[in-house]
Amino acid sequence: MTAIITGADAPASAPTTAGPVPTARRSGLSWAWLGLVPFGAYVLLFLGVPTILAIGSGFFDGDGAFTWTNVAALADPVVLNTFANSAWVSLLTSVVGAVAGAVVCYGMLGMNPQGAVRQTVDAAAGVLAQFGGVMLAFAFIATIGAQGVITVLLRDSFGVNIFENGMWLYEVPGLIFPYIYFQVPLMVITFMPALAALKPQWSEANLTLGGTRLGFWTRIGIPVLAPSFLASLLLLFANAFSSYATAAALASQGSQIVPLQIRAALTSETVLGRENLAGALALGMILVVGVVMALYSLIQRRAARWQS
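Using this note's numbering, the first residue of the sequence shown is number 108, and each one after it goes up by one.
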């Protein structure tokens, strides 16, 4: 008799419990999308529309007629050289910044998250990652410029002239140190959560099974952290590749990297003999950054599997 009652109760209760669930989910999704409207409007007005206008201008000439001339300018040796300069500076500073930032994160791993040192480093990283432009350029000019504090000290006290072979600070090599300056704290911000997510139980299990600390990092820690490290590295590359203000303040003469080439195209009507070249250059930058960020998204999705 009990079995009969149970069997009768089961189908009777199933519709009552399952019925309201889809309605609640539909209501939650509708409110969620409504809450994204302000953010969507912001992205459309301040990111989407300028991007469309910038790219679209590269396919038209000064009279508004459609042309492939501006896009074909991307194959010009001068333009290719600026892309190459941007690429190697971004790659070098992202690798150095990623390695240095990872070392800083490892040093903070054993500290109390609520301690004074850890909170100070976190706060400093958040501020210094956004410190750039004219302020950062002035800081380096005052420090290692032609009459900078360190430059004068090395020259007068030790007889060392860091500009013996030319004023490299105002050329492409001079962008390396300023870029690393804000790449390291950005790496700390992006990589520290992944490093902190390593479970202590993994290390304990490794030691219990006879493993060593070195073996834990080579067989467990580094393979697990590799996707997060690569994702942060790609983010740093995109950050350096698209940086403009610091380079514009330091390298005021010439157009050695793509953002400065875009500036030259906007302020000159005869850059390489083509109009609206800035739009074509912007298209090239968007393609490069788009590929990098797509790889970042894929790697970050893989890294999120064990972090969740």
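Idealized CB from N, CA, C, for every residue including glycine.
- For Phe245, the secondary structure class from DSSP, reduced to helix, strand or coil, is helix.
- DSSP places Trp195 in the uninterrupted alpha helix (DSSP H) bounded by 184-215.
- A residue is called buried once 16 or more other Cβ atoms fall within 10 Å of its Cβ, and Gly397, having fewer, is exposed.
- With contact defined as three or more Cβ pairs closer than 8 angstroms, the stretch 209-227 and the stretch 309-319 are not in contact.
- Classified as exposed, Ser404 has fewer than 16 neighbouring CB atoms from the shown chains inside 10 Å of its CB.
- With contacts defined as CB atoms closer than 8 angstroms, Gln290 and Leu343 qualify as a contacting pair.
- In the pairwise beta carbon analysis, the stretch 321-339 is classified as not touching the stretch 235-249: fewer than three pairs are separated by under 8 angstroms.
- Beta bridge pairing from DSSP links Phe167 with Phe173.
- Val295 sits buried, since 16 or more C-beta atoms from the chains shown fall within 10 Å of its C-beta.
- Spanning the alpha carbons of Leu384 and Phe265 requires a straight line of approximately 48 angstroms.
- Looking at Lys306, Leu390, Glu278, the one whose alpha-carbon comes closest to that of Val196 is Glu278.
- Linking Gly273 to Val206 through their CA atoms gives a straight-line distance of about 29 angstroms.
- Beta-carbon to beta-carbon, Ile162 and Leu390 are separated by about 5 angstroms, close enough to satisfy the 8 angstroms threshold.
- Met392 and Phe190 have their alpha carbons spaced roughly 9 angstroms apart.
- In the DSSP assignment, Trp309 falls within the alpha helix (DSSP H) that extends over 307-315.
- No Cβ-Cβ contact shorter than 8 angstroms links Gly204 with Ile329.
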